[in-house]
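Novice: So the sequences go chain by chain: A and B. For reference, each letter of the first sequence is one residue, going 2 to 212 in the numbering used here. For reference, each letter of the second sequence is one residue, going 2 to 212 in the numbering used here. Beta carbons are placed, not taken as given, at the ideal position from N, Cα and C, and that holds for glycine.
There are 2 protein chains.
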Amino acid sequence: MSRNIVPDIVVGRLPIYLRMLDFLVQEGRQITSSQELGDRLGISSAQIRKDLSHFGEFGKQGTGYNVAYLRDQLKRILHMNQEWNMVLIGAGDLGHAIAHYQGFAAHGFHIVGVFDNDPAKVGKALGKYVVQGMEDLQGVIEADKAAMGIIAVPAAAARQVADLLIGYGVRALLNYAPITLTTPHHVKVQYIDPVALLQHMAYYLPNGAGA
Amino acid sequence: MSRNIVPDIVVGRLPIYLRMLDFLVQEGRQITSSQELGDRLGISSAQIRKDLSHFGEFGKQGTGYNVAYLRDQLKRILHMNQEWNMVLIGAGDLGHAIAHYQGFAAHGFHIVGVFDNDPAKVGKALGKYVVQGMEDLQGVIEADKAAMGIIAVPAAAARQVADLLIGYGVRALLNYAPITLTTPHHVKVQYIDPVALLQHMAYYLPNGAGA
DNA sequence: TAGATTGTTAATCGATTAACAATC
DNA sequence: TAGATTGTTAATCGATTAACAATC
Chain A
2 MSRNIVPDIV VGRLPIYLRM LDFLVQEGRQ ITSSQELGDR LGISSAQIRK DLSHFGEFGK
62 QGTGYNVAYL RDQLKRILHM NQEWNMVLIG AGDLGHAIAH YQGFAAHGFH IVGVFDNDPA
122 KVGKALGKYV VQGMEDLQGV IEADKAAMGI IAVPAAAARQ VADLLIGYGV RALLNYAPIT
182 LTTPHHVKVQ YIDPVALLQH MAYYLPNGAG A
Chain B
2 MSRNIVPDIV VGRLPIYLRM LDFLVQEGRQ ITSSQELGDR LGISSAQIRK DLSHFGEFGK
62 QGTGYNVAYL RDQLKRILHM NQEWNMVLIG AGDLGHAIAH YQGFAAHGFH IVGVFDNDPA
122 KVGKALGKYV VQGMEDLQGV IEADKAAMGI IAVPAAAARQ VADLLIGYGV RALLNYAPIT
182 LTTPHHVKVQ YIDPVALLQH MAYYLPNGAG A
């Protein structure tokens with residue numbers, strides 16, 4: 002049943018499944034099962050079958066799933082059968098790290114421009130990029146059809162940057178700034194907040210441990 | 002009721018509440034309400050009250066919450082009333098970025114050593130650190146009582162690094178490698194996987210958008 | 001006091017799991 | 001065929017929300 006609305010939490014697990022299938026393809030595996038995937042990912046086999054069932058029937062009873070086929074189907078479902086252009090806002094330490102990150106391109110995500118509002122940074126080289134001023138943002142988004150934006154500015158500026166990106170038509174934001182953004186419902190946001198994750202884990206550590 | 006087990010999903014929201022309360026303290030606010038917090042965070046006020054109720058009673062009927070007091074209570078609950086030492090494994094691009102990240106110290110998280118198994122990297126300066134070999138890992142963890150580890154090695158090495166850290170007594174792992182780790186139940190893991198988040202969002206973008 | 005907001009209960013909603021017929 | 005595994009249904013489990021008495 003491909004037409005019902007799929008719970009967001011299910012969509013969020015698909016990239017994990019895809020990652021594992023990519024790995025199995027690398028290993029030369031032909032066939033897998035919901036049981037094996039679940040064991041390797043720490044998820045129940047029932048959940049994997051149920052998640053996949055939102056999108057169609059990909060397996061064979063008694064046999065399991067063809068690894069490459071299921072991988073290809075998940076890539077299609079996640080719109081990984083095309084390239085995605087992104088703009089990166091913020092050329093500080095964090096922006097540098099993101100601009101240098103090698104892991105995006107292999108998955109079809111491409112940073113097509115790095116922007117900062119600091120005149121001291123504009124024009125400077127940043128890896129294979131040259132930092133551009135915010136006045137060039139709209140032009141690049143439109144020319145390169147960038148549908149995604151990466152926010153790597155201080156929290157105090159993130160709200161404003163997000164509004165700008167949304168105004169220019171960007172519909173997905175990966176936000177590294179430690180601040181909750183509220184956006185129109187057609188704009189998706191995901192957060193990367195290492196400090197919040199560390200705090201989450203610290204809760205479970207016995208007090209007195211650590212330094 | 003401070004003694005029942007608190008759902009993990011609730012614990013995961015506390016850092017977000019804490020972040021907002023820190024912000025309100027900065028702004029000089031004295032009092033807030035579940036309504037205001039919810040509006041600002043895109044969460045229902047009922048959820049905020051219910052979440053907090055797992056840990057005690059922090060507000061006053063008719064008035065709301067004292068911002069600084071609630072902030073301090075959340076810091077205590079999350080064990081942020083102490084310092085936490087961490088080791089960083091991996092001195093590649095990603096390790097460099099993490100080692101340079103300024104945001105940890107202000108929250109009481111400290112990287113006390115950077116490690117890599119590549120002899121070409123060992124001994125090299127990395128910001129304020131000097132990259133150490135894996136043979137020094139145990140000594141540093143024990144000497145500095147590091148309870149947390151940050152994994153910034155390639156996926157192929159992450160499993161082995163995690164086992165090593167766990168063997169040396171580390172009980173919380175922040176994993177930047179794109180691989181699911183299975184750990185003993187007393188060891189917590191959190192994941193940072195930008196590609197997975199981008200794929201999650203790409204699902205919602207109309208096909209044909211992007212590059 | 002009157003108005004506001006908490007903490008909590010009960011109802012609702014949604015996600016996960018167990019179980020199994022279908023079938024490869 | 002016998003064994004294995006899917007896709008799906010129903011049951012269970014857990015999380016969120018609505019509502020309100022308590023009370024500041």
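Does any residue of chain B have a CB that is nearer than 8 Å to the CB of residue 175 of chain A?
Specialist: By one-based count along the first sequence, residue 175 of chain A stands at place 174. Yes, residue 175 of chain A counts as interfacial toward chain B.
Novice: Strictly below 7 Å CB to CB, what residues from chain A border residue 30 of chain B?
Specialist: For the purposes of this step, residue 30 of chain B is identified with residue 29 of the second sequence, where counting begins at 1. Per Cβ cutoff of 7 Å: no residues; residue 30 of chain B is ~16 Å from chain A at best.
Novice: Consider the C-beta atom of residue 95 of chain B and the heavy atoms of the ligand FMN; say whether any pair is separated by less than 7 Å.
Specialist: As presented, the structure is devoid of all ligands, the ligand FMN included, so that no description of it is given.
Novice: Considering only the alpha carbon of each residue, which of B/62, B/55, B/43 lies closest to residue 214 of chain B?
Specialist: Past the edges of chain B, shown from 2 to 212, lies residue 214 of chain B, and the structure says nothing about it.
Novice: Alpha carbon to alpha carbon, how far is residue 147 of chain B from residue 44 of chain A?
Specialist: For the purposes of this step, residue 147 of chain B is taken as the residue at position 146 of the second sequence. For the purposes of this step, residue 44 of chain A is taken as the residue at position 43 of the first sequence. Whole-angstrom Cα-Cα distance: 30 Å.
Novice: Taking only beta-carbon positions, decide if residue 120 of chain B is within less than 8 Å of chain A.
Specialist: For this step, residue 120 of chain B is matched to residue 119 along the second sequence. Not closer than 8 Å to any Cβ of chain A, the Cβ of residue 120 of chain B fails to qualify, so no.
Novice: Here's a check: name, in chain order, each residue in its chain whose Cβ is nearer than 7 Å to the Cβ of residue 35 of chain A, leaving out the five neighbours to either side.
Specialist: On the first sequence, position 34 is the one that residue 35 of chain A refers to. Excluding sequence neighbours, residue 35 of chain A sits near 46, 49, 50.
Novice: Report the residues of the region 29 to 63 of chain A with a CB closer than 8 Å to any CB of chain B, ordered along the chain.
Specialist: Cβ contacts with chain B come from 41, 42, 43.
Novice: Roughly how many angstroms separate the alpha carbons of residue 126 of chain A and residue 115 of chain A, rounded to a whole number?
Specialist: Taking the first residue of the first sequence as 1, we reach residue 126 of chain A at position 125. Taking the first residue of the first sequence as 1, we reach residue 115 of chain A at position 114. Their backbone Cα atoms lie some 10 Å apart in a straight line.
Novice: Taking only runs that begin and end inside the region 107 to 190 of chain A, name each unbroken alpha helix (DSSP H) of 4 or more residues, in chain order.
Specialist: Segments of the alpha helix (DSSP H) lying fully in the region 107 to 190 of chain A: 138 to 144, 156 to 168.
Novice: Just to confirm my understanding: we take residue 190 of chain A, look at its own chain, exclude 5 residues before and 5 after, and list those with CB closer than 7 Å. What are they?
Specialist: Position 189 of the first sequence, counted from the start, is the residue given in the question as residue 190 of chain A. Here the set comprises 174, 176, 182, 184.
Novice: Could you check whether residue 103 of chain A and residue 94 of chain B sit closer than 8 Å to each other, using their CB atoms as the reference points?
Specialist: Mapped onto the second sequence, residue 94 of chain B falls at position 93. Mapped onto the first sequence, residue 103 of chain A falls at position 102. A contact, by the Cβ cut-off of 8 Å.
Novice: Starting from residue 13 of chain A, trace the beta strand (DSSP E) in both directions and tell me its first and last residue.
Specialist: Taking the first sequence and counting its residues from 1, one reaches residue 13 of chain A at position 12. Counting along the chain, residue 13 of chain A falls outside any beta strand (DSSP E), though it belongs to the alpha helix (DSSP H) covering 9 to 27.
Novice: CB residue 76 of chain B to CB residue 67 of chain B, shorter than 8 Å?
Specialist: Taking the first residue of the second sequence as 1, we reach residue 76 of chain B at position 75. Taking the first residue of the second sequence as 1, we reach residue 67 of chain B at position 66. It is not a contact, given that the beta carbons lie outside the stated cut-off.
Novice: Hey, residue 152 of chain A and residue 112 of chain A are a contact pair by Cβ (cut 8 Å); roughly how many whole angstroms apart?
Specialist: Reading the first sequence from its first residue, position 151 is the one you call residue 152 of chain A. Reading the first sequence from its first residue, position 111 is the one you call residue 112 of chain A. That belief does not hold up - the Cβ atoms of residue 152 of chain A and residue 112 of chain A are roughly 13 Å apart, past 8 Å.
Novice: For residue 89 of chain B, list the residues DSSP reports as bridge partners.
Specialist: The residue you call residue 89 of chain B lines up with position 88 of the second sequence. Its beta-bridge partners are B/115, B/151.
Novice: For residue 110 of chain B, decide whether its Cβ has a neighbour in chain A, counting only Cβ atoms nearer than 8 Å.
Specialist: For the purposes of this step, residue 110 of chain B is taken as the residue at position 109 of the second sequence. Yes, its Cβ sits closer than 8 Å to a Cβ of chain A.
Novice: Span of the alpha helix (DSSP H) holding residue 70 of chain B?
Specialist: For the purposes of this step, residue 70 of chain B is taken as residue 69 along the second sequence, with counting starting at 1. That run of the alpha helix (DSSP H) goes 68 to 78.
Novice: How would you call residue 133 of chain B, buried or exposed, if buried means at least 16 neighbouring beta carbons within 10 angstroms?
Specialist: In the second sequence, residue 133 of chain B corresponds to position 132, counting from 1. The residue is buried, with at least 16 neighbouring Cβ atoms inside 10 Å.
Novice: Output the distance between the C-alpha atoms of residue 7 of chain B and residue 199 of chain A, rounded to the nearest integer angstrom.
Specialist: Along the second sequence, one-based indexing puts residue 7 of chain B at 6. Along the first sequence, one-based indexing puts residue 199 of chain A at 198. About 17 Å.
Novice: Would residue 10 of chain A be called buried (16 or more neighbouring beta carbons within 10 Å of its own) or exposed?
Specialist: Along the first sequence, read from residue 1 onward, the residue named residue 10 of chain A stands at position 9. So residue 10 of chain A ends up on the exposed side.
Novice: Which value, in whole angstroms, describes the spacing of the CA atoms of residue 206 of chain B and residue 172 of chain A?
Specialist: To locate residue 206 of chain B, count along the second sequence from 1; it is residue 205. To locate residue 172 of chain A, count along the first sequence from 1; it is residue 171. One C-alpha to the other measures close to 7 Å.
Novice: Locate the alpha helix (DSSP H) running through residue 39 of chain B, then write down its first and last residues.
Specialist: One-based indexing of the second sequence puts residue 39 of chain B at position 38. Residues 35 to 42.
Novice: May I have the straight-line CA-CA distance separating residue 196 of chain B from residue 195 of chain A, to the nearest angstrom?
Specialist: Working through the second sequence from its first residue, we reach residue 196 of chain B at position 195. Working through the first sequence from its first residue, we reach residue 195 of chain A at position 194. If I take the Cα positions, the gap works out to 15 Å.
Novice: For a cutoff of 8 Å on Cβ pairs, would you count residue 201 of chain A as touching chain B?
Specialist: For this step, residue 201 of chain A is matched to residue 200 along the first sequence. It does; some Cβ of chain B falls within 8 Å.
Novice: Mapping DSSP to helix, strand and coil, what is residue 60 of chain A?
Specialist: Counting from one through the first sequence, the residue named residue 60 of chain A turns up at place 59. Correct three-state label for residue 60 of chain A: strand.
Novice: Sort A/65, A/54, A/57, A/78 by Cα distance to residue 19 of chain A and report the nearest one.
Specialist: Sequence index remark: in the first sequence, residue 19 of chain A carries index 18 (1-based). Residue A/78 is the option with its Cα nearest to residue 19 of chain A.
Novice: From the beta carbon of residue 79 of chain B, is the nearest beta carbon of chain A less than 8 Å away?
Specialist: Start at 1 with the first residue of the second sequence, and residue 79 of chain B comes out as number 78. It does; some Cβ of chain A falls within 8 Å.
Novice: Helix, strand or coil: how does DSSP classify residue 197 of chain B here?
Specialist: Numbered from its first residue, the second sequence carries residue 197 of chain B at position 196. Residue state, collapsed to three classes: helix.
Novice: Name, please, each residue of chain A whose Cβ falls closer than 7 Å to the Cβ of residue 205 of chain B.
Specialist: On the second sequence, residue 205 of chain B is found 204 positions in, with the first residue counted as 1. 189, listed in chain order.
Novice: Can you tell me where the alpha helix (DSSP H) holding residue 50 of chain B begins and where it ends?
Specialist: Counting from 1 along the second sequence, the entry for residue 50 of chain B is found at position 49. Per DSSP, residue 50 of chain B belongs to the alpha helix (DSSP H) from 46 to 54.
Novice: Cα-Cα, which of A/202, A/27, A/119 is closest to residue 158 of chain A?
Specialist: Working through the first sequence from its first residue, we reach residue 158 of chain A at position 157. Comparing Cα-Cα distances from residue 158 of chain A to each of A/202, A/27, A/119, the minimum goes to A/119.
Novice: Identify the contact partners of residue 84 of chain B in chain A, using a Cβ-Cβ distance below 9 Å as the criterion.
Specialist: Here residue 84 of chain B refers to the residue found at position 83 of the second sequence. Near residue 84 of chain B (Cβ distances below 9 Å), the residues of chain A are 211, 212.
Novice: If we cut at 8 Å on Cβ distances, does residue 3 of chain B have a partner in chain A?
Specialist: Position 2 of the second sequence, counted from the start, is the residue given in the question as residue 3 of chain B. For residue 3 of chain B, the predicted model reports a pLDDT of 39, less than 50, meaning its position is unreliable and no value from the coordinates is stated.
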